[in-house]
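Enquirer: Have a look at this one.
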Amino acid sequence: MISLSKAVTLIPIQDSDSDILFGLMSRIYKDAYAEFWEDGGDWYVDLIYHEENVRKEIRRSRTHYFFVEWMGEKVGILKYDYPFSPREIEIPNAMKLHRLYLDSSTHGKGIAKLLLEHCEKVTKAENLDFIWLEAMSCKPQAKRFYEKNGFEQVLTYSLDFEKLYPEYRKIEIMRKRIF
Numbered sequence: 001m002i003s004l005s006k007a008v009t010l011i012p013i014q015d016s017d018s019d020i021l022f023g024l025m026s027r028i029y030k031d032a033y034a035e036f037w038e039d040g041g042d043w044y045v046d047l048i049y050h051e052e053n054v055r056k057e058i059r060r061s062r063t064h065y066f067f068v069e070w071m072g073e074k075v076g077i078l079k080y081d082y083p084f085s086p087r088e089i090e091i092p093n094a095m096k097l098h099r100l101y102l103d104s105s106t107h108g109k110g111i112a113k114l115l116l117e118h119c120e121k122v123t124k125a126e127n128l129d130f131i132w133l134e135a136m137s138c139k140p141q142a143k144r145f146y147e148k149n150g151f152e153q154v155l156t157y158s159l160d161f162e163k164l165y166p167e168y169r170k171i172e173i174m175r176k177r178i179f
């Protein structure tokens with residue numbers, strides 16, 4: 001358990017948490033992205049949060065996967081991996097901020113900022129140079145949040161997920177140098 005403030009705590013995700021994670025992300029992810037998918041996001045949620053995939057991810061030594069609790073309630077997830085560079089462009093000696101999802105009821109409460117600050121502290125402690133992430137071009141509020149926090153766009157490419165409507169397939173790789 002990692003306490004980020006009096007109200008925000010990170011709880012490491014364990015093998016036994018897959019049902020809780022699946023239920024949480026079915027709600028949070030679909031609330032934010034359902035209209036981008038032909039099936040409302042079911043295929044993607046099943047792919048990413050299926051029990052076997054979660055177990056595979058948390059067994060990787062470079063993966064750090066947490067529930068985000070706010071006031072004692074699970075309201076999202078944080079996942080980062082290091083060292084990790086994207087296939088599409090070289091970002092050496094970096095952390096990938098892989099997943100940061102929060103329930104919409106918590107938006108505007110400073111939780112995402114605390115999570116970014118935590119990632120920056122880990123990046124510094126591990127002597128990494130960058131944090132990078134992928135943000136969907138069609139989610140301008142997320143992109144603005146990351147830009148406001150020092151991230152810059154370095155590459156745009158297109159996802160090839162069949163069930164994702166073509167107009168929502170652009171994704172941007174963003175990075176932030178950590179000093």
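Its first residue numbered 1, the sequence shown is counted upward by one per residue in full-length UniProt numbering.
Quick reminder that beta carbons are idealized off the backbone N, C-alpha and C, glycines included.
(1) What does R99 pair with, by DSSP beta-bridge criteria?
(2) Enumerate, from N- to C-terminal direction, the unbroken alpha helix (DSSP H) stretches of 4 or more residues contained entirely within the segment 84-132.
(3) Could you say which of R175, F179 and K163 lies nearest to Y33 if we only look at CA atoms?
(4) Kindly list the residues whose CB is nearer than 8 Å to the CB of N53, restricted to its own chain and excluding five residues on each side of it in sequence; keep chain order.
(5) Residues in the same chain with beta-carbon distance under 8 Å from E69, minus the five sequence neighbours each way, listed in chain order, please.
(6) Provide the residue span of the alpha helix (DSSP H) that contains F145, from first to last.
(7) Would you kindly check if the distance between the Cβ of S18 and the Cβ of E51 is under 7 Å?
(8) Taking 8 Å as the threshold, find out whether the segment 56-71 comes into contact with the segment 25-43 through three or more Cβ pairs.
Expert: This is what the structure holds:
(1) As a first step, residue 99 is located in the sequence shown; it is residue number 99 there, counting from the start. Answer is K79.
(2) Qualifying alpha helix (DSSP H) stretches, in chain order: 111-125.
(3) Here residue 33 refers to the residue found at position 33 when the sequence shown is read from its first residue. When only C-alpha atoms are compared, the closest one is K163.
(4) Against the sequence shown, residue 53 aligns to sequence position 53. Excluding positions up to five away in sequence, the list reads L47.
(5) Numbered from its first residue, the sequence shown carries residue 69 at position 69. Here the set comprises V8, T9, L10, I11 and V75.
(6) Position 145 of the sequence shown, counting from 1, holds the residue named residue 145. Taken as a continuous stretch (DSSP letters only), the alpha helix (DSSP H) holding F145 covers P140 to K148.
(7) In the sequence shown, counting from the first residue as 1, residue 51 sits at position 51. In the sequence shown, counting from the first residue as 1, residue 18 sits at position 18. With contacts defined as CB atoms closer than 7 Å, E51 and S18 qualify as a contacting pair.
(8) no
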